[in-house]
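Trainee: Structure in structure tokens, see below.
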Amino acid sequence: MHLWRTGQYTATLTCSDAVGNTSLPTSKIVRVDNTLPTATLAVSNAAFSPIASPGAKDTTTFTVRVTDVTAVHWTFDITNSSSTIVKTFVGTGNAAPVWNGKNSSSNATAPDGLYTATLTYADSSGNTGATTSKTVRIDNSAPTATALTASNAIFSPATSIGIKDTTLFNSTIADAVTVSWTLDHQE
Amino acid sequence: MSSCATFSGMSNVNQVWNGKNASNAFVADGVYTATLTYIDEAGNLGAPVNKAVTGEQHITRAWERLHSPTSEHSRFLQKSAPHLTWKLIGPMISPKGS
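Heads up: the sequence lines are chains P and X, in that order.
The C-terminal position of the first sequence is numbered 235 in our numbering, with every residue numbered one higher than the one before it.
The C-terminal position of the second sequence is numbered 946 in our numbering, with every residue numbered one higher than the one before it.
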């Protein structure tokens with residue numbers, strides 16, 4: 049079987065009968081597409097808090113970028129840790145669907161936890177690209193910190209070299225995701 | 849209240865303060881409150897925690913005076929550093945910069 053290379057082809061049909069009558073030609077343009085589409089998936093907030101901390105990372109945006117000579121149709125499923133689909137987006141071409149943490153069925157906010165967003169897509173010729181996925185976390189819980197301690201409640205930085213020149217602050221911070229902190233000294 | 853030194857980091861706090869401000873100068877004697885604020889990757893703020901520390905340079909002055917103690921110096925010690933637990937190490941201790 050001959051495999052045609054990717055490209056545009058014109059098929060022309062002309063009919064002739066036994067006595068030499070010939071029809072006018074009729075033609076149709078077709079495209080052979082053997083190229084698989086490609087896609088990239090990015091996420092704005094790997095962790096977000098749809099309920100807690102209003103105004104701060106309430107949603108996450110997935111950026112879908114597809115490449116193909118034809119239109120690419122995609123489906124975007126977000127599944128929980130039990131592989132149950134909680135949210136589905138569909139679209140064509142490049143897009144940036146925003147997930148507010150709510151599920152598709154009841155419009156309720158999904159519970160805290162890890163979710164996997166998987167992009168499947170196909171071009172107009174039916175070629176399917178390699179799936180790609182991202183993991184995001186819903187986290188509505190504030191971090192906690194143990195009491196701040198100082199190794200030397202009283203210290204003498206400018207005098208008595210070697211004796212209590214500094215003080216070491218310690219606190220243990222707990223959270224499901226990375227926590228950044230600022231320690232500010234005020235007089 | 850004015851800020852004199854600020855540190856930042858990720859995860860647990862294990863931060864040394866050498867008593868210097870942002871201009872790399874030693875802060876004046878006094879009580880300083882360290883306030884820890886923190887926020888997670890999802891934008892959730894934790895409850896701030898504080899710790900007061902005292903920057904105190906009078907220990908050496910007290911030691912210097914004890915080198916030739918007088919009743920006045922003893923009164924100075926009692927007045928200026930009643931909250932300190934201290935001990936005389938010996939003559940190897942000298943004020944910084946002297």
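For each residue, glycine too, the CB sits at the ideal point set by N, CA and C.
In the DSSP assignment, find the unbroken beta strand (DSSP E) run with X/W865 in it and report its ends.
Mentor: V861 to W865
Trainee: How should P/V80 be labelled, buried or exposed, when 16 other C-beta atoms within 10 angstroms of its C-beta is the threshold for buried?
Mentor: exposed
Trainee: CA-CA distance, P/T115 and P/H50?
Mentor: 27 Å
Trainee: Do we get a CB-CB distance below 7 Å when we pair P/H233 with the residues of chain X?
Mentor: yes
Trainee: How would you write the range of the beta strand (DSSP E) that P/T214 sits in, first residue to last?
Mentor: From DSSP, P/T214 is part of no beta strand (DSSP E); its letter is neither H nor E.
Trainee: Leaving out five residues before and five after P/G68 in sequence, what residues of the same chain have Cβ atoms less than 6 Å from its Cβ?
Mentor: none
Trainee: Against chain P, which members of the segment 870-895 of chain X pass a CB distance test of less than 8 Å?
Mentor: F874, V875, A876, G878, V879, Y880, T881, A882, T883, L884, T885, Y886, I887, D888, E889, A890, G891, N892, L893, G894 and A895
Trainee: Measure the CB-CB distance between P/P205 and X/N866 and report whether it falls below 7 Å.
Mentor: yes
Trainee: For P/A222, which residues from the same chain have a beta carbon less than 7 Å from its beta carbon, with the 5 sequence-adjacent residues on both sides left out?
Mentor: P191 and T192
Trainee: Can you give the Cα-Cα distance for P/A224 and P/S173, rounded to whole angstroms?
Mentor: 44 Å
Trainee: For the beta strand (DSSP E) holding X/C852, just list the boundary residues, first then last.
Mentor: S851 to M858
Trainee: Return the CA-CA distance between P/T74 and P/W52, expressed in angstroms with no decimal places.
Mentor: 21 Å
Trainee: Going by beta carbon distance, what residues of the same chain come within less than 8 Å of X/Y880, once the five residues before and after it are set aside?
Mentor: Only residues of its own chain outside the window of five on either side were considered, and among them C852, A900, V901, T902 and G903 have a CB closer than 8 Å to the CB of X/Y880, listed in chain order.
Trainee: From the DSSP output, which residues share a beta bridge with P/D160?
Mentor: None; P/D160 has no bridge partner.
Trainee: Look at the alpha carbon of P/T220 and the alpha carbon of X/N862, and state the distance between them as a whole number of angstroms.
Mentor: Each residue's Cα considered, the two are about 9 Å apart.
Trainee: Given this structure, state the Cα-to-Cα distance separating P/G161 from X/T885, to the nearest angstrom.
Mentor: Rounded to whole angstroms, P/G161 to X/T885 spans 24 Å at the Cα level.
Trainee: Nearest chain X C-beta to P/P102 closer than 7 Å, yes or no?
Mentor: no
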